[in-house]
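In our numbering, the protein residues as written are 1199 to 1602. Note that CB positions come from ideal geometry on N, CA and C, so glycine has one too. What you are looking at is a predicted structure, and each value in this text was computed from that prediction instead of being measured.
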Ligand SMILES: [Zn+2]
């Protein structure tokens, strides 16, 4: 499977992947998913957003019996110049786990589903996890249709170009009702497991995170003729804020990044009259993140700038009883929180009992062609996922313990 996926959407220039939602590469990946599903005798369905679900067993019969299915999988799209593992490792491991179960003659009491979520990275239309957000109602169909890519193509137009009806998309409770539990396997992002000497970890939660806009006023003037003491340079306040964000993150134990900036008028020989920067801050503790942002805010306000919160997402805990069950099953594997968003987080917020497994990434580098996992670790991940599916699909209901 890995060899087949390897060339799809790969950029010759960077060596990274450009697998954007509803592009040619994405269509090829969807066809690959359908073929892999057929090869195993799974029943392929698509929900209202075009997420692909490959079922072993009848998911609707299970819903009628009050014992909905166990789903695993991930996504096949990528960020610009992304790595090979983020997403595909979860999908390939899901099919491999199904193979392992089929090979040993396992008969699931509860159906097992493999999912390929569309547009997880949001690389094209700017909203991450668009596939799961739309079916859970976290993003309205209307908003999704109107999102535009860098060329000004709307998602509605992209869907139409891919042969789909954009008015079909929307919340899909029928699909969600089939998911009694969701376990997403993912390559580790950031570096922890290499230091712990462990190949696989259990995810506990997705960190709280937010975005803030920082606006600095100034006055445009000539870069050559304006004396230093006469200047009102918006860039100086901004520069101070970037350094303050780094210091605040260190002090409070979280992470903060200023990765985007807009300068007006934006001329090499013009003193900036306005600078707007965007701050992204995340951490295991919401209080730490809030404190760090408060430090940045007080610095920004001292120089006459304004801080506006654009988004705040609280911590998303995965299901505690499902997590405890998996930890017992997998023998006290390490537990990790993550600063990255995932479809698993969107499903958890929609009330689906959810868990994640992380496979060691020796450098921690992610969203880059350098992203990597060693084959033996990937096989450990498959073994863990196989054990989890066997337990959840063969034993008592994962809903039995209730939601955390
Ligand atoms: Zn991912």
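Checklist entry - Taking just the CA atoms, how far does residue 1550 sit from residue 1191? => result Past the boundaries of the shown model lies residue 1191; the chain is included only from 1199 to 1602, so the question cannot be answered.
Checklist entry - What's the call for residue 1235, buried or exposed, on a 16-neighbour Cβ count within 10 Å? => result buried
Checklist entry - With contact counted as at least three CB pairs below 8 Å, one residue from each stretch, are the stretch 1307 to 1319 and the stretch 1256 to 1276 in contact? => result yes
Checklist entry - Helix, strand or coil for residue 1467 per DSSP? => result coil
Item to check | One or two residues paired with residue 1250 in a DSSP bridge | outcome: 1244 and 1314
Checklist entry - Would residue 1456 be called buried (16 or more neighbouring beta carbons within 10 Å of its own) or exposed? => result buried
Item to check | Those residues which DSSP pairs with residue 1419 across a bridge | outcome: 1469
Checklist entry - How long is the line joining the alpha carbons of residue 1574 and residue 1244, rounded to whole angstroms? => result 33 Å
Next on the checklist: Pairs of beta-carbons, one from the stretch 1490 to 1507 and one from the stretch 1422 to 1429, closer than 8 Å: are there three or more?
Outcome noted: no
Item to check | residue 1367, DSSP secondary structure in three states | outcome: coil
Next on the checklist: So if I measure from each beta-carbon to every heavy atom of ligand 3 and keep distances below 5 Å, which residues remain?
Outcome noted: Here the bound small molecules are ligand 1; ligand 3 is not part of this structure.
Next on the checklist: Within the continuous alpha helix (DSSP H) that includes residue 1332, where are the two ends?
Outcome noted: 1328 to 1334
Next on the checklist: Buried or exposed for residue 1365, going by 16 or more other Cβ atoms inside 10 Å?
Outcome noted: exposed
Checklist entry - For residue 1560, which residues from the same chain have a beta carbon less than 6 Å from its beta carbon, with the 5 sequence-adjacent residues on both sides left out? => result 1392
Checklist entry - Which of helix, strand or coil does DSSP assign to residue 1454? => result strand
Checklist entry - So residue 1555 and residue 1401 are in contact, right, with Cβ under 8 Å, and what is the actual spacing, rounded? => result 7 Å
Item to check | Residue(s) in a DSSP beta bridge with residue 1278 | outcome: The partner list for residue 1278 (beta bridge, DSSP) is empty, contrary to what the question assumes.
Checklist entry - Count the other CB atoms within 10 Å of the CB of residue 1387; is the residue buried (16 or more) or exposed (fewer)? => result buried
Next on the checklist: I'd like the ranges of any beta strand (DSSP E) spanning at least 3 consecutive residues and lying wholly in the stretch 1371 to 1397.
Outcome noted: 1377 to 1385
Checklist entry - Is the number of C-beta pairs between the stretch 1288 to 1308 and the stretch 1319 to 1326 that are closer than 8 Å three or more? => result no
Checklist entry - Ordered along the chain, which non-local residues of its own chain (more than five positions away) have a Cβ less than 6 Å from that of residue 1440? => result 1456
Checklist entry - For residue 1213, which of helix, strand or coil comes out of DSSP? => result coil
Item to check | Spatially closest choice to residue 1410 from 1435, 1454 and 1358, by CA coordinates | outcome: 1454
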